[in-house]
Amino acid sequence: MPTKPQARQAGNLLSALPGGLGSRLMAQAKPVTLATEETLFLAGDPGDGCYRVDEGLLKVSITSQSGAERILAILGPGAIVGDLAMIDGLPRSASVSALRDSKLSFISKSAFETFAAQEPEVYKYLLRLLAARLRDTDQVVAAGSFLPLKGRVARALLDLAKAFGNDVGQGRVVIRQKLSQSDVAAMAGIARENVSRILNDWMRAKLISRLSGYYCIENAKKLEKEIDL
-17 MPTKPQARQA GNLLSALPGG LGSRLMAQAK PVTLATEETL FLAGDPGDGC YRVDEGLLKV
43 SITSQSGAER ILAILGPGAI VGDLAMIDGL PRSASVSALR DSKLSFISKS AFETFAAQEP
103 EVYKYLLRLL AARLRDTDQV VAAGSFLPLK GRVARALLDL AKAFGNDVGQ GRVVIRQKLS
163 QSDVAAMAGI ARENVSRILN DWMRAKLISR LSGYYCIENA KKLEKEIDL
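In this note's numbering, the protein residues as written are -17 to 211.
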């Protein structure tokens, strides 16, 4: 399984562009470094450009007025964050921080607008981006509306396994990113107490295990059935 892509893949501007356009746009990027747990930007900050993850790991999240956190995505190398700001220039809709020391490439909104004036065909690729975002939003809404609690936790673990999983044989997959029950709860969008109960039930049933601080999916096929309920 791949070890570096984002845990939930949505369309981004650079992946929508053909290689030539994308490389010319990235030629104008400036390097940015983040230390572990350092914040890149907060929800409500000005949308002044986007970032490509070159090394490291980022967390995209939103926080309610009560302080509860919901993790929207975990992004690895190659992922783009903040690219919608290139389109509408509105404030950031989510907060982003580093889970590991990270190196990024920043493209300012003004640099993008100058590039787009020279390469107007870039706008047709924005339609693909918006369509991909709508599809991704539909999936998230459906999961939150129709999946039972166990299904939401199963989806979170399987998404993480697709992004950071290491197949160790016999159908077992270790998620090579240390996660707390609060992290899983934030990804699943349910209370930590419910996640704790569900994970403990699955450990007793030998559906998952915990190895040196890492979650291990012992039987991915059985876990997938929780999403089909």
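No residue lacks a Cβ here, since even glycine has one placed at the ideal position from N, Cα and C. Bear in mind the structure is a predicted one, so any value in this text is a computation, not a measurement.
According to DSSP, residues forming a beta bridge with residue i
| i | result |
| --- | --- |
| Arg154 | Gly151 |
| Leu57 | Leu40 |
| Val35 | Leu86 |
| Glu51 | Thr45 |
| Ile190 | Ile199 |
| Phe94 | None; Phe94 has no bridge partner. |
| Val14 | Leu86 |
| Phe23 | Val78 |
Inter-residue spacing [alpha-carbon to alpha-carbon] between residue i and residue j
| i | j | result |
| --- | --- | --- |
| Leu72 | Leu109 | 18 Å |
| Ile89 | Phe97 | 11 Å |
| Lys207 | Gly29 | 40 Å |
| Ala136 | Ile209 | 7 Å |
| Arg6 | Gly31 | 16 Å |
| Leu205 | Lys132 | 9 Å |
| Gly153 | Val78 | 33 Å |
| Lys188 | Val177 | 16 Å |
| Met8 | Asn182 | 46 Å |
| Ala17 | Leu40 | 11 Å |
| Tyr196 | Ile190 | 10 Å |
| Gly49 | Ala93 | 35 Å |
Coil, strand or helix - residue i by DSSP
| i | result |
| --- | --- |
| Leu140 | helix |
| Leu112 | helix |
Supposed contact pair residue j and residue i - C-beta distance, whole angstroms, cut 8 Å
| i | j | result |
| --- | --- | --- |
| Ala80 | Gly38 | 6 Å |
| Val14 | Leu86 | 4 Å |
4-residue-minimum alpha helix (DSSP H) runs that sit fully inside the region 60 to 86, ordered along the chain: 67 to 70
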